[in-house]
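**Q**
There are 2 protein chains.
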Amino acid sequence: MMGSIGAEMQDEILRKADVMAEACPSRQILNHVTSRWGMLVLLALLGGTQRFSALKRRIGGVSERMLAQTLQLLEADGLVHRHAHDVVPPHVDYTLTAPGRELAEKVVGLTGWIEANLPRLTPAAA
Amino acid sequence: MMGSIGAEMQDEILRKADVMAEACPSRQILNHVTSRWGMLVLLALLGGTQRFSALKRRIGGVSERMLAQTLQLLEADGLVHRHAHDVVPPHVDYTLTAPGRELAEKVVGLTGWIEANLPRLTPAAA
DNA sequence: GGAAGAACGCACGTTTTTGTAAGTATAATG
DNA sequence: CATTATACTTACAAAAACGTGCGTTCTTCC
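This is the structure:
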């Protein structure tokens with residue numbers, strides 16, 4: 003199979019994970035998480051399992067296309083879990099995985115700080 | 003002065019700062035901070051005052067144009083301070099402001115977690 | 001004395017991202 | 001029986017982001 007690299011090298015990469023390095027896989031995860039809707043999805047899901055349409059309503063401004071795409075990326079990264087009930091008017095639930103929840107907490111740290119300190123920064127918004 | 007709104011309304015907005023709301027100014031700050039290079043710049047500056055070229059070398063993959071643009075946005079948001087010495091081969095220093103440092107710490111929380119937990123997520127990278 | 005380095009601004013073209021509109025199957029609602 | 005709601009997908013197109021190369025203005029280092 004192509005694309006596979008030695009376990010040792012893999013270990014090296016993971017041990018030295020550095021977002022400053024362009025080729026480090028952590029960069030991609032970071033980009034997914036900090037994508038325009040990534041953080042908001044994570045944040046919304048901290049409120050518990052929710053279905054697609056609920057997320058859409060909760061996150062102001064997302065289009066269905068973007069929400070679906072974002073959810074797929076986060077799912078591929080192992081941050082959110084998707085459970086589709088096999089019923090005919092579709093019913094799909096999204097939940098944070100264990101790692102997803104941990105990450106989401108960090109996200110709250112960031113967004114929370116911003117919300118709380120907006121007054122100190124708004125000169126730009128004025 | 004145009005563009006000014008009542009102090010009460012301003013207060014309301016700031017008190018209710020909510021990234022989930024599309025029109026909330028916190029959304030813009032969030033977007034600047036989580037922009038492709040925003041977090042990396044903040045991270046790099048946690049290492050102390052640095053000049054443009056040093057930042058460029060440190061952040062893998064940034065182009066001069068993007069670095070300049072990102073720095074300007076963060077400066078406008080009051081997160082980084084720019085000090086240009088008036089000498090002829092240009093010399094400019096960038097430093098985090100007090101709020102900038104606080105925010106940067108939150109950023110470290112996020113990126114640090116990602117770097118440390120990459121092994122738990124990499125299935126996507128494999 | 002030619003080359004490199006400093007910190008960008010600018011024009012240009014490409015790449016990526018994002019939004020819009022439309023379509024799908026079917027069950028429940030009025 | 002027409003509508004509405006669900007969770008998307010796909011095609012198309014506009015918008016935003018991005019990178020590259022060039023120019024600037026001097027000084028320092030081969």
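If you read the protein sequences in the order shown, they are chains B and X.
To convert, count from 1 in the first sequence and add 2; that's the working numbering.
To convert, count from 1 in the second sequence and add 2; that's the working numbering.
The C-beta atom is built at its ideal place from N, Cα and C for all residues, glycine as well.
For B:Leu-44, return the contacting residues in chain X, with the cut-off set at a CB-CB distance below 8 Å.
**A** Those do not exist, as B:Leu-44 stays about 10 Å from chain X at its closest Cβ, beyond 8 Å.
**Q** Just to confirm, are B:Ile-31 and X:Ile-61 a CB contact at a threshold of 8 Å?
**A** No, Cβ-Cβ distance for B:Ile-31 and X:Ile-61 is not below 8 Å.
**Q** Taking only beta-carbon atoms, is B:Val-21 less than 8 Å away from chain X?
**A** Answer yes: the Cβ-Cβ gap between B:Val-21 and chain X drops below 8 Å somewhere.
**Q** May I ask you to verify whether the segment 66-78 of chain B touches the segment 84-91 of chain X, counting CB pairs closer than 8 Å and requiring at least 3?
**A** In short, these stretches do not touch, since the Cβ pair count stays below three.
**Q** So what's X:Pro-86 in DSSP terms, helix, strand or just coil?
**A** Sequence inspection shows Ala at residue 86 of chain X; the Pro mentioned does not correspond to that position. DSSP places X:Ala-86 in strand when its eight states are reduced to three.
**Q** Name the chain X residues that come within less than 7 Å of B:Ser-65, Cβ to Cβ?
**A** By Cβ distance, chain X contributes nothing, its closest Cβ being about 12 Å from B:Ser-65, past 7 Å.
**Q** Can you grab the Cα-Cα spacing for the pair B:Asn-119 / X:Leu-48, in whole Å?
**A** Rounded to whole angstroms, B:Asn-119 to X:Leu-48 spans 19 Å at the Cα level.
**Q** Taking Cβ-Cβ distances below 8 Å as the criterion, which residues of the segment 82-106 of chain B are in contact with chain X?
**A** Taking 8 Å as the Cβ-Cβ cut-off against chain X, the residues of the segment 82-106 of chain B that qualify are Pro-101, Glu-104, Leu-105.
**Q** Short of 6 Å in beta carbon distance, which residues of its chain neighbour B:Glu-77, apart from the five on each side in sequence? Order them along the chain.
**A** Cβ within range, chain order: Arg-84.
**Q** If you draw a straight line from the C-alpha of B:Glu-107 to the C-alpha of X:Lys-108, how long is it?
**A** Each residue's alpha carbon lies about 11 Å from the other.
**Q** Can you tell me whether B:Val-90 is buried or exposed? The criterion is at least 16 other CB atoms within 10 Å of its CB, across all chains shown.
**A** Exposed, since its Cβ has fewer than 16 Cβ neighbours within 10 Å.
**Q** X:Arg-59 and X:Asp-95: beta carbons closer than 8 Å?
**A** No, these two residues do not count as a Cβ contact at 8 Å.
**Q** By Cβ distance below 6 Å, which residues in the same chain neighbour X:Gly-102 in space, the five residues on each side in sequence not counted?
**A** Counting only Cβ-Cβ distances below 6 Å, and skipping sequence neighbours, we find Leu-81, Val-82.
**Q** Shorter than 8 Å from the beta carbon of B:Leu-2 to some beta carbon of chain X?
**A** Shown here, chain B extends from 3 to 128; a query on residue 2 of chain B therefore has no answer.
**Q** Could you confirm whether any beta carbon from chain X is found closer than 8 Å to the beta carbon of B:Ala-126?
**A** Because the pLDDT at B:Ala-126 is just 47, under 50, the model does not fix this residue reliably, and the value given afterwards should be weighed accordingly. Chain X, which has a Cβ nearer than 8 Å to the Cβ of B:Ala-126, makes this yes.
**Q** When the Cα of B:Val-43 is compared with those of B:Arg-122, B:Pro-92, B:Leu-105, which residue comes out closest?
**A** Out of B:Arg-122, B:Pro-92, B:Leu-105, B:Leu-105 has the C-alpha closest to the C-alpha of B:Val-43.
**Q** Find the residues of chain X that neighbour B:Thr-113, judging by a C-beta separation of less than 7 Å, and give them in chain order.
**A** Those within 7 Å of B:Thr-113 in chain X are Val-21, Leu-32.
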